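Enquirer: Supplied in structure tokens, the structure appears directly below.
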């Protein structure tokens, strides 16, 4: 009963170990087995044959820990990278064992080992190809994400630029309206100036014409007219007298006789 209890206690301890503890145990056993294989590689055939069962037992122990780690990793997807690394190291260890211990195997087993090594190599190649495809997909997804982020940034920048251009266009529209008003005012001013220029020019032309006419008239009256002979006056026909009926002579009226005027008396002489 006591050995059974010890075995059950070991099983309980093994099942209660965490992923990190199992991974550390597998890594330590892998390191120890790799060192052991490094020493066995330089041994003779007899020593290699003696150490072969121990190496196989260690490899089986590592594989059992790997199986437990796979079960533990199903509930935690964050440890997939560690599991891939451990599986790859176990495959490399199996290849080294087959390379070092293949010459000391029993007759007929070399072909099986060779086939097993070939299968492991094919599996390793397939795993490496799968990992490479996964890396390529990961890189493509990262590139796609980066391109999407860059496109989003470019879109934001384009929106900001369009908003800024809209503000500039609105300001330009207001400026153009003010310029249009100024141009209309300047056009009316230019029209007035043109009318003023035309009126001034017409007045100037009229003054020039009048001056030319006055000068010409003065020259003609002063120097040219005396040179022209004046025509002789023609006799005017005498009008025929028309008899005018004479009115009857008025009858003389009798004049009254003048009345005698009284003569004034002479004044007496004074006695002074």
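Numbering (the working numbering), first residue to last: 1492 to 1763. Note that CB positions come from ideal geometry on N, CA and C, so glycine has one too. All figures in this text were calculated on a predicted structure; none of them were measured in a lab.
Roughly how many angstroms lie between the CA atoms of residue 1705 and residue 1683, to the nearest whole one?
Expert: Between residue 1705 and residue 1683, the C-alpha separation is close to 32 angstroms.
Enquirer: Can you say whether residue 1517 is buried or exposed, counting buried as having 16 or more other CB atoms within 10 angstroms of its CB?
Expert: Classification of residue 1517: buried, given that the 10 Å Cβ count is 16 or more.
Enquirer: For the alpha helix (DSSP H) containing residue 1574, name the first residue and the last one.
Expert: Segment 1571-1592, the alpha helix (DSSP H) holding residue 1574.
Enquirer: Indicate whether the contact test is met: 3 or more Cβ pairs, each with one atom in the stretch 1551-1569 and one in the stretch 1615-1625, closer than 8 angstroms.
Expert: No, the stretch 1551-1569 is not in contact with the stretch 1615-1625.
Enquirer: Residue 1534 by DSSP, collapsed to three states: which one?
Expert: Residue 1534: coil per DSSP, three-state reduction.
Enquirer: In three-state DSSP terms, what is residue 1567?
Expert: Residue 1567: coil per DSSP, three-state reduction.
Enquirer: Could you compute how far the alpha carbon of residue 1546 sits from the alpha carbon of residue 1523?
Expert: Looking at the two C-alpha atoms, the distance is approximately 10 angstroms.
Enquirer: Between residue 1570 and the rest of its own chain, which residues show a CB-CB distance below 7 angstroms, the 5 nearest in sequence each way excluded?
Expert: Here the set comprises 1510, 1564.
Enquirer: Do you know how far the Cα of residue 1708 is from the Cα of residue 1714?
Expert: Spanning the two alpha carbons is a distance of roughly 10 angstroms.
Enquirer: So what does DSSP say about residue 1659, is it helix, strand or coil?
Expert: DSSP places residue 1659 in helix when its eight states are reduced to three.
Enquirer: Determine the contact status of residue 1560 and residue 1528, defining contact as a CB-CB distance below 7 angstroms.
Expert: Contact flag unset, no.
Enquirer: By the 10 Å Cβ neighbour count, where 16 or more other Cβ atoms means buried, how is residue 1551 classified, buried or exposed?
Expert: Exposed.
Enquirer: If you draw a straight line from the alpha carbon of residue 1655 to that of residue 1648, how long is it in whole angstroms?
Expert: Cα to Cα, residue 1655 sits roughly 10 angstroms from residue 1648.
Enquirer: What does a CB cutoff of less than 8 angstroms around residue 1553 pick up in its chain, not counting 5 residues either side in sequence?
Expert: Answer for residue 1553: 1517, 1520, 1521, 1524, 1581, 1584, listed in chain order.
Enquirer: Helix or strand or just coil, what does DSSP make of residue 1552?
Expert: Correct three-state label for residue 1552: helix.
Enquirer: Out of 1544, 1586, 1662, point me to the one whose CA is closest to residue 1609's CA.
Expert: For the residues 1544, 1586, 1662, the minimum Cα distance to residue 1609 belongs to 1586.
Enquirer: DSSP on residue 1612, reduced to helix/strand/coil?
Expert: Helix at residue 1612.
Enquirer: Report yes if the C-beta distance between residue 1532 and residue 1591 is below 7 angstroms; otherwise report no.
Expert: In this structure, residue 1591 lies closer than 7 angstroms to residue 1532 by Cβ.
Enquirer: Taking the alpha-carbon positions, what's the residue 1600 to residue 1537 distance?
Expert: Residue confidence is low: residue 1600 scores 45 on pLDDT, short of 50, so the model does not pin down where it sits. No coordinate-derived value is stated.
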